[in-house]
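In order, the protein sequences belong to chains A and B. For the first sequence, the working numbering assigns the number 1 to the initial residue and increments by one for each residue that follows. For the second sequence, the working numbering assigns the number 1001 to the initial residue and increments by one for each residue that follows.
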Amino acid sequence: CSKADLGPISLNWFEELSSEAPP
Amino acid sequence: HSVEQNEMEDLPACDSVNPGNLQLVSKLKNPSGSCSVDVGTMWWETAGHKEPCIVTACEYIVSLWKPLDTWQWKKVYSWHFTEVPVLQIVSVPDVCNLVCVALGNLEIREIRALLCSSHDESEEQLLLKSGNIKAVLGLTKRRLVTSSWTLCDQQIEMMTFAEDGGSKEKQFLMPPEETILTFAEVQGMQEALLGTTIMNNIVIWNLKTGQLLKKMHVGDSYQASVCHKAYSEMGLLFVVLRHPCAKGSESFGSPVFQLIVMNPKTALGMGVMLYCLPHGQAGRFLEGDVKDNFAAAVLTSGKIAIWDLLLGHCTAILPPISDQNWSFVKWSGTDSHLLVGQKDGNIFIYHY
């Protein structure tokens, strides 16, 4: 396994998931 | 109220019981007679003076111990319970003069806040929540989160206490379809909360908005895993789980904790490290606690083992003292000590 197996990584994952998730 | 002082009995010789980096600094004996179930730490403030205190729990009594000089402790308050026994102490960080307890027989039926009235110094307890409670955790910024089931709905509720432990606000988080078994904070991210579910998933909430952000399957090799700690680094989520089925027969040793990494954007994850017992040591996880870079576990062998999560290996093994197996272990929330306890009420405090 390597880091590439985890798919594209975002440093702002928390903000991005918060803007995508239903309120 | 009565003020008792613990006996400073003869401490066992350091060399015989303090392996590794553990140094015994203090011992207190909870003399209530009933079975000891948990220990914790909290801050207690009187007349503007804040002290790090110890909280001990027997089945029907929770006691607050204040520090005296030279590592001795005196019991200053006790809260008594008559109907439902205490299951665990739930410390709430960043709050003074308040500690919570979970009560129940096999499952949690009540969460109570334990306080002390400032005007007459009498002990008080306040029912915070009752019902079919599955999980509870005290969070930074004076918050407490619980998961519970009503007839057909799961409720994830977060309470925020005032600085003095008083009035509280309530907020509901979006529940997942699956039962939440445990919660874990994400270190350094005060608005993020993790939950582990009965279906072997990890969910992430935004505590500010109550949104359920993501559900990530941790894989079938991590069945019924329980999350103890998480931190986010370089866009990835590192999660310390306890290993569900540690066996002494595995060729690489006996894994007790494991570190996995997950990408919250894609929900893909993989194992990073197994934290195993040294060769020659056997035992499975009974209960444990993780703080910063250190994990501690009570094992079925009656010993306590400690791992440095960054080094990746076990750094200390604490054998039973006086032929009494260890039954619980907690890292202090107020300093760098390890609190370990035996069923008969002996609590030992180690510097690590």
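Built from N, CA and C at the ideal position, the CB exists for glycine as well.
Spatial neighbours of residue i in its chain, beta-carbon cut-off 8 Å, leaving aside the 5 residues before and after
i, result
"residue 1191 of chain B", "1206, 1207, 1208"
"residue 1347 of chain B", "1027, 1028, 1029, 1030, 1036, 1039, 1054, 1056, 1339, 1340, 1341"
"residue 1100 of chain B", "1089, 1090, 1091, 1092, 1111, 1112, 1113, 1114, 1128, 1136, 1138, 1144"
"residue 1156 of chain B", "1145, 1146, 1147, 1172, 1173, 1174, 1175, 1180, 1195, 1205"
"residue 1153 of chain B", "1175"
6 Å CB neighbourhood of residue i in its chain, flanking five on each side removed
i, result
"residue 1161 of chain B", "1095, 1142, 1168"
"residue 1125 of chain B", "1079, 1112, 1114"
"residue 982 of chain B", "There is simply no residue 982 of chain B to check, as chain B begins at 1001 and stops at 1352 in what is shown."
"residue 1278 of chain B", "1314"
"residue 1325 of chain B", "1302"
"residue 1081 of chain B", "1060"
"residue 1349 of chain B", "1025, 1026, 1337, 1339"
Identity of the residues DSSP links to residue i by a beta bridge
i, result
"residue 1297 of chain B", "B:1288, B:1305"
"residue 1052 of chain B", "B:1043"
"residue 1058 of chain B", "B:1036"
"residue 962 of chain B", "With chain B running from 1001 to 1352 in the structure shown, residue 962 of chain B is simply not present."
"residue 1241 of chain B", "B:1227, B:1258"
"residue 1168 of chain B", "B:1161"
"residue 1184 of chain B", "B:1194"
"residue 9 of chain A", "Partner(s): none; residue 9 of chain A has no beta bridge."
"residue 1141 of chain B", "Beta-bridge pairing links residue 1141 of chain B to no other residue."
"residue 1273 of chain B", "B:1259"
"residue 942 of chain B", "The first residue shown for chain B is 1001 and the last is 1352, placing residue 942 of chain B beyond what the model contains."
"residue 1177 of chain B", "None, per the DSSP bridge assignment."
"residue 1350 of chain B", "B:1024, B:1338"
"residue 1279 of chain B", "None; residue 1279 of chain B has no bridge partner."
"residue 1233 of chain B", "B:1236"
"residue 1126 of chain B", "B:1113"
"residue 1330 of chain B", "B:1339"
Distance between beta carbons of residue j and residue i, contact taken as under 8 Å
i, j, result
"residue 1328 of chain B", "residue 1345 of chain B", "Not confirmed; about 12 Å, so no contact."
"residue 1240 of chain B", "residue 1309 of chain B", "7 Å"
"residue 1059 of chain B", "residue 1035 of chain B", "5 Å"
"residue 1132 of chain B", "residue 9 of chain A", "Going by Cβ atoms, the distance from residue 1132 of chain B to residue 9 of chain A rounds to 39 Å, so no, they are not a contact pair."
"residue 1042 of chain B", "residue 1122 of chain B", "The Cβ separation is near 18 Å, so there is no contact."
"residue 1353 of chain B", "residue 1235 of chain B", "Since the first and last residues shown for chain B are 1001 and 1352, residue 1353 of chain B lies out of range."
"residue 1173 of chain B", "residue 1185 of chain B", "That pair is no contact at about 14 Å."
"residue 1288 of chain B", "residue 1298 of chain B", "7 Å"
"residue 1317 of chain B", "residue 1352 of chain B", "With 8 Å as the limit, residue 1317 of chain B and residue 1352 of chain B do not qualify as a contact, their Cβ atoms being about 13 Å apart."
"residue 1270 of chain B", "residue 6 of chain A", "7 Å"
Nearest candidate by alpha-carbon position, reference residue i, set the options
i, options, result
"residue 1098 of chain B", "B:1114, B:1335, B:1107", "B:1114"
"residue 1295 of chain B", "B:1049, B:1331, B:1163", "B:1331"
"residue 1260 of chain B", "B:1282, B:1075, B:1229, B:1287", "B:1229"
"residue 1093 of chain B", "B:1349, B:1333, B:1339", "B:1333"
"residue 1274 of chain B", "B:1132, B:1256, B:1173, B:1216", "B:1256"
"residue 1110 of chain B", "B:1146, B:1317, B:1138", "B:1146"
"residue 1201 of chain B", "B:1226, B:1218, B:1076", "B:1218"
"residue 1231 of chain B", "B:1075, B:1293, B:1165, B:1129", "B:1293"
"residue 12 of chain A", "B:1277, B:1165, B:1189", "B:1189"
"residue 1266 of chain B", "B:1073, B:1204, B:1176", "B:1204"
"residue 15 of chain A", "B:1212, B:1082, B:1297", "B:1212"
"residue 1049 of chain B", "B:1067, B:1062, B:1061, B:1063", "B:1067"
"residue 1085 of chain B", "B:1291, B:1107, B:1164, B:1154", "B:1107"
"residue 1073 of chain B", "B:1102, B:1297, B:1025", "B:1025"
"residue 1149 of chain B", "B:1165, B:1130, B:1163", "B:1130"
"residue 1242 of chain B", "B:1214, B:1127, B:1285, B:1210", "B:1285"
"residue 17 of chain A", "B:1214, B:1301, B:1069", "B:1214"
"residue 1083 of chain B", "B:1171, B:1065, B:1061", "B:1061"
"residue 1323 of chain B", "B:1075, B:1302, B:1183", "B:1302"
"residue 23 of chain A", "B:1045, B:1210, B:1063", "B:1210"
"residue 1046 of chain B", "B:1081, B:1291, B:1164, B:1233", "B:1164"
"residue 1023 of chain B", "B:1063, B:1071, B:1227, B:1081", "B:1071"
"residue 1290 of chain B", "B:1337, B:1320, B:1321", "B:1337"
"residue 1187 of chain B", "B:1216, B:1140, B:1226", "B:1140"
"residue 1087 of chain B", "B:1238, B:1065, B:1226, B:1103", "B:1103"
"residue 1226 of chain B", "B:1069, B:1237, B:1081, B:1183", "B:1183"
"residue 1116 of chain B", "B:1044, B:1349, B:1321", "B:1044"
Own chain, CB closer than 7 Å to residue i, minus 5 neighbours either side, in chain order
i, result
"residue 1197 of chain B", "1176, 1178, 1179, 1180, 1181, 1203"
"residue 1335 of chain B", "1052"
"residue 1343 of chain B", "1035, 1036, 1327"
"residue 1021 of chain B", "1315, 1316, 1352"
"residue 1300 of chain B", "1283, 1284, 1286"
"residue 1170 of chain B", "1157, 1159"
"residue 1320 of chain B", "1302, 1303, 1326"
Cutoff 9 Å: residue i Cβ touching any chain E Cβ
i, result
"residue 1263 of chain B", "In the structure shown, chain E does not exist; the protein chains are A and B."
Inset, instruction - May I have a chain-ordered list of the beta strand (DSSP E) segments no shorter than 3 residues that lie completely inside the region 1063-1122 of chain B? - result: 1073-1080, 1086-1090, 1099-1104, 1108-1116
Inset, instruction - Enumerate, from N- to C-terminal direction, the unbroken beta strand (DSSP E) stretches of 3 or more residues contained entirely within the region 1186-1221 of chain B. - result: 1189-1197, 1201-1206, 1212-1217
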